[in-house]
Amino acid sequence: MKNKCLIIILGHARASELTWNSFESNVFDTLNADIALCVGESEDNNDSNPYWKNAKYKWTSPEYENYADGFDKFQKKYGGTNNWRELLDFAPDYVAPFLGGCYDEHHKPAASAGILCIIEHLL
């Protein structure tokens with residue numbers, strides 16, 4: 002029996018019309034792989050998207066307008082005494098990229114990596 006490989010795609014499965022053929026021939030088929038998608042909820046999540054259609058495992062997360070809402074939800078669910086929003090003040094040039102998409106009246110990091118923190122939780 003040939004070994005199987007699991008390819009995990011985090012974030013989005015967009016632009017399949019540009020990427021699928023190369024991905025399929027060079028990765029998916031070559032590795033005899035299964036696909037796991039951990040993606041934001043999207044209208045692209047349907048069988049017209051070959052990543053979605055071929056994924057053996059699928060997890061979706063809400064697409065928040067402000068990912069701070071998602072972080073607040075996780076803090077409420079799992080507890081903790083520290084306020085994660087203090088990180089927005091701490092070394093903003095280093096921390097902000099990881100909290101991109103999370104903002105309040107004083108901070109609006111320019112990056113969008115906050116979605117990855119939310120989606121990784123699905124794994």
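In short: position in the sequence shown from 1, add 1, done, that's our numbering.
The beta carbon of each residue, even a glycine, is placed where N, CA and C say it ideally should be.
The structure presented is a predicted model; accordingly, all values stated were derived computationally and were not measured.
- For Ala-37, the enclosing beta strand (DSSP E) covers residues 34-41.
- Within the same chain, Cβ atoms closer than 6 angstroms to the Cβ of Cys-6 are found at Leu-32 and Ala-34, the five residues on either side in sequence being excluded.
- Taking each of Asp-105, Ser-23 and Phe-29 in turn and checking the Cα distance to Lys-57, the smallest one comes out for Phe-29.
- By the CB criterion at 7 angstroms, Leu-123 and Cys-39 fall inside the cutoff.
- DSSP, read as helix, strand or coil, puts Leu-7 in strand.
- Within the same chain, and ignoring the five residues on either side of Asn-55 in sequence, the residues whose Cβ sits closer than 6 angstroms to its Cβ are Ile-36.
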